[in-house]
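Numbering (this note's numbering), first residue to last: 10 to 147. Below is one structure, written out as structure tokens, with a few remarks after it.
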């Protein structure tokens, strides 16, 4: 599928202004595998309030340590079909890593969309919301 449209022009990934409502429970379901419910609730609230910023697809994958999924992955392919049709994708929800402790960036929701965007162009600017993990109580 790659980064060209049927007429040979470069593809551009289009994005919604804000994540879709169902992205937040999806992020919570993933984060519950990594953190206590209290922290997950705090993270999801922080994600809802976070401003939308932009990060490159290649940098999100590098910071998260996640592998690039192939275009043949069913979910990546579904997102690539949306891109080819001109549909807008939902921004990505991230939890910031911590370089000093070796914690990697967590893609709380949108891994397949990041991979699809990378296949279109690794330099795709992806709208993201980033939250910091709650500080430990002393």
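Just so you know, even glycine gets a beta-carbon here, dropped at the ideal spot from N, CA and C. It should be emphasised that the depicted structure is a prediction, and the values quoted were computed from it without experimental measurement.
Across which residues does DSSP place residue 63 in a beta bridge pair? The residue you call residue 63 lines up with position 54 of the chain shown. Answer is 136, bridged to residue 63.
What does DSSP give as the partner residue(s) for residue 118 in the beta ladder? The residue given as residue 118 occupies position 109 in the chain shown. Per DSSP, 102.
Check whether the stretch 43-54 and the stretch 118-131 are in contact - that is, three or more C-beta pairs closer than 8 Å. no
Which residue from 48, 22, 56 puts its Cα closest to that of residue 30? The residue given as residue 30 occupies position 21 in the chain shown. Cα-wise, what sits closest to residue 30 is 56.
Quick one: is residue 127 buried, meaning 16 or more other Cβ sit within 10 Å of its Cβ, or exposed? Residue numbering aside, residue 127 sits at position 118 when the chain shown is read from its first letter. By the neighbour-count rule (16 or more Cβ atoms within 10 Å), residue 127 is buried.
When you compare the CB positions of residue 137 and residue 64, do they come within less than 8 Å of one another, or not? Translated into positions along the chain shown, residue 137 becomes position 128. Translated into positions along the chain shown, residue 64 becomes position 55. A contact, by the Cβ cut-off of 8 Å.
Residue 28, DSSP secondary structure in three states: Within the chain shown, numbered from 1, the residue matching residue 28 stands at position 19. Looking at residue 28 - three-state DSSP - the assignment turns out to be coil, as it is neither helix nor strand.
Tell me the rounded alpha-carbon separation between residue 27 and residue 110. Indexing the chain shown from 1 puts residue 27 at position 18. Indexing the chain shown from 1 puts residue 110 at position 101. So the two alpha carbons sit approximately 31 Å from each other.
Residue 143 by DSSP, collapsed to three states: which one? For the purposes of this step, residue 143 is identified with residue 134 of the chain shown, where counting begins at 1. Residue 143 falls in the coil class under three-state DSSP.
For residue 101, tell me which candidate among 134, 19, 108, 20 has the shortest Cα-Cα distance. In the chain shown, the residue the question calls residue 101 occupies position 92. Selected option, being the one with the closest Cα: 134.
Can you check DSSP and say which residues form a bridge with residue 91? Indexing the chain shown from 1 puts residue 91 at position 82. None, per the DSSP bridge assignment.
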